[in-house]
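Q: Below are the structure tokens for one structure; questions will follow.
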Amino acid sequence: MNKLTRIGTPLMAVALMSGATFFAHAQANQAPTTETRSWNTPPPGTEQAQSAYRDGVDAAQLDITAKRKVDAKSSHLYLHPPVKGAARDEYRSNFTAGYEAAVKHNSGA
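Numbering (mature numbering (1 follows the signal peptide of the UniProt record, and there is no 0)), first residue to last: -26 to -1, 1 to 83.
Rendered as structure tokens:
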């Protein structure tokens, strides 16, 4: 029995340690199932689109803090975007997306 314990104990320890690394490796290779992007992080796109999204988030937070009307389309940056020409529509849509994300986050939804 003493001989069995001397041989069996190290073998069991090695078996347990090698199994732990196998399971850790399997967990590290799992594909992420949830979105890891924060609510205030702009979606991938052009720098101008990301800037518009951040402007929308900031504008919503300012409107909520100042207890103003919470509406993206009444915001100064929506009415007078800092871009010209065809980029205005893209700016406004990204601004609105950021504004709505901030309102949704602050409402607890």
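Even for Gly, the Cβ is constructed at its ideal location relative to N, Cα and C.
Below 8 Å on the Cβ atoms is my contact criterion, and I expect D29 with G72 to pass it. Report the Cβ-Cβ distance as a whole number of Å.
A: Here residue 29 is taken as the residue at index 55 of the sequence shown, counted from 1. Here residue 72 is taken as the residue at index 98 of the sequence shown, counted from 1. Confirmed, Cβ separation roughly 7 Å.
Q: When DSSP labels each residue in this structure, what does A46 get in the three-state scheme?
A: The residue labelled residue 46 in the question sits at position 72 within the sequence shown. The answer is helix: DSSP assigns A46 an H, G or I state.
Q: How would you call S48, buried or exposed, if buried means at least 16 neighbouring beta carbons within 10 angstroms?
A: Here residue 48 refers to the residue found at position 74 of the sequence shown. By the neighbour-count rule (16 or more Cβ atoms within 10 Å), S48 is not buried but exposed.
Q: Alpha carbon to alpha carbon, how far is P(-17) from S(-9)? Give it in angstroms, no decimals.
A: Residue -9 sits at position 18 when you count from the first residue of the sequence shown. Residue -17 sits at position 10 when you count from the first residue of the sequence shown. Each residue's Cα considered, the two are about 12 Å apart.
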